[in-house]
Amino acid sequence: MKIQYIATSTEGTLHIKSCVLRAFIHERVVRAALMAAPDARVTHTGTFVIHTRISGDPAQILAATRAARREEEE
2 MKIQYIATST EGTLHIKSCV LRAFIHERVV RAALMAAPDA RVTHTGTFVI HTRISGDPAQ
62 ILAATRAARR EEEE
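Under this note's numbering, the residues of the sequence shown are numbered 2 to 75, in order.
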């Protein structure tokens with residue numbers, strides 16, 4: 002699983018990428034990130050490699066990144 006945070010002055014973006022074999026863990030990580038950033042916009046793509054893009058306010062997305070990384074470690 003790859004978690005990447007990209008920020009500009011107006012928008013933060015969190016990219017989460019994983020294999021379909023780890024789809025359950027991917028969904029847990031995405032849910033944790035969305036709990037930290039409830040106003041974020043979410044896009045899911047992919048069949049065998051799942052890509053999730055979460056974007057919104059940079060402060061909320063940074064908090065979402067931290068929550069996603071914590072959930073990934075569990």
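Ideal Cβ positions, reconstructed from N, Cα and C, are used throughout, including at glycine.
Remember, it's a predicted structure, so these values are computed and weren't measured experimentally.
Ranges of the beta strand (DSSP E) found wholly within the segment 27–57, counting only runs of at least 3: Unbroken beta strand (DSSP E) stretches of 3 residues or longer found wholly inside the segment 27–57: 42–46, 50–57, given in chain order.
Limits of the beta strand (DSSP E) - the one that Leu-63 falls within: Unbroken run through Leu-63 is the alpha helix (DSSP H), 59–74; no beta strand (DSSP E).
Contacting residues, own chain, Cβ-Cβ under 8 Å from Val-50 (five flanking each side not counted): Spatial neighbours of Val-50 in its own chain (CB-CB distance under 8 Å, excluding positions within 5 residues in sequence) are listed in chain order as Lys-18, Ser-19, Cys-20, Val-21.
Proximal residues to Asp-40 (C-beta, below 8 Å), its chain only, five neighbours per side dropped: Sequence-distant Cβ neighbours of Asp-40 in its own chain, meaning closer than 8 Å and more than five residues away, are Gly-57, Asp-58, Gln-61.
Residues that DSSP places opposite Ser-19 in a beta bridge: Paired residue(s): Ile-51.
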